[in-house]
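Student: For what it's worth, my numbering labels the leading residue of the sequence shown as 112, then goes sequentially.
Yeah, the Cβ is synthetic: ideal placement off N, Cα and C, and Gly gets one too.
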Amino acid sequence: APYTSESRYNVFKRLNEILVSAGLKPASENCTVYPPDTYVRKVEEWKKAHGLCSRKYVVFHAGSSSEWATKRWPEEYFREVALLFENQGYRSVWTGGPDESGINRRLAEKVGIDASGQLGFLELFVLGRDAEFAITNDSGPMHILAASGIPVFSFFGPTSWVRSHAVGQRNRVLTRGLDCSPCFLKKCPPERDHACMREISPEYVCARIHEDLHEGRRTGRCRGSSRGY
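(1) For the stretch 201-215 against the stretch 228-247, do three or more pairs of beta-carbon atoms, one drawn from each stretch, fall closer than 8 Å, so that the two count as touching?
(2) Tell me the residue span of the alpha helix (DSSP H) that contains residue 278.
(3) So, do the stretch 256-269 and the stretch 286-306 have three or more beta carbon pairs nearer to each other than 8 Å?
(4) Bridge partners of residue 205, per DSSP?
(5) Bridge partners for residue 247 per DSSP, in chain order?
(6) DSSP has residue 289 in a bridge; who is on the other side?
(7) Less than 8 Å between the C-beta atoms of residue 249 and residue 227, yes or no?
(8) Measuring only the C-alpha atoms, how far is residue 150 from residue 239?
(9) So, using beta-carbon positions, are residue 319 and residue 185 closer together than 8 Å?
(10) Take residue 347 and list the residues in its own chain whose beta-carbon comes closer than 7 Å to its own, dropping the five residues that flank it on each side.
(11) Compare the C-alpha of residue 302 against each of 291, 312 and 285 and name the closest.
(12) What do you reckon, are the CB atoms on residue 312 and residue 284 nearer than 8 Å?
(13) Please classify residue 198: does DSSP put it in a helix, a strand, or coil?
(14) Do you know how far the Cα of residue 156 is from the Cα of residue 218?
(15) So, with DSSP's three-state summary, where would you put residue 328?
(16) Please state the DSSP three-state secondary structure of residue 323.
(17) In terms of residue numbering, what span does the alpha helix (DSSP H) encompassing residue 239 cover?
(18) What three-state label does DSSP hand residue 342 in the structure shown?
(19) Which term fits residue 280, buried or exposed, when burial requires 16 or more other beta carbons within 10 angstroms of its beta carbon?
(20) Run the CB neighbour count on residue 260, radius 10 Å, all protein chains shown included, and call it buried at 16 or more, exposed below.
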């Protein structure tokens, strides 16, 4: 069957079904990437310049493509969460490209480091490997950070978390599950007031993250994937 927005399985699972149907071995959800040393050195130099070599840090991706603004958790919520974790000793790093430069600049004026346009995909992967965890919208960087082997907490509202969540991060999806979600709309109707995102409170997010990290330490699963696709 064709893969559509109505599909009930994660893309990774559907792609594996294609491999199996062709008589091939399914792919593992554990990703192995070997970035060239030049990328590793660049990130280490960047971390040193920003005082991150001996600091715990969290990677944030607060943006999305400009045409998918509905995917964005409210900017002020990101700021509040970053401030809460900064007070607990975690440095905040705001990542993204040109579409995120404005939001990242505003956020970094209050808390954290603006890394907009300074790190490509491989550099983001390297940066993610030493992060404590990441908080993202539904985006490409969400998948890259998940591949780096850290916990990734991601927001879903207008798009389908079942279809698009990062591999191995199913239990870290942050969503309200409203009856209008997913709508796949790039502009939210005024009467809805972006409720699918606005009703995910910063307090709830922090509680979910602390619960996950505590469970990881208790079971020895401090990093890497959670259960299932």
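Tutor: Per the coordinate set shown:
(1) yes
(2) Counting along the chain, residue 278 falls outside any alpha helix (DSSP H), and DSSP gives it neither H nor E.
(3) yes
(4) 171 and 225
(5) 172 and 265
(6) Answer by DSSP bridge pairing: none, since residue 289 is not bridged.
(7) no
(8) 13 Å
(9) no
(10) For residue 347 there is no data in the structure shown, the boundaries of the chain being 112 and 340.
(11) 291
(12) no
(13) coil
(14) 23 Å
(15) helix
(16) helix
(17) 232-240
(18) The structure shown has nothing for residue 342, since the chain only spans 112 to 340.
(19) buried
(20) buried
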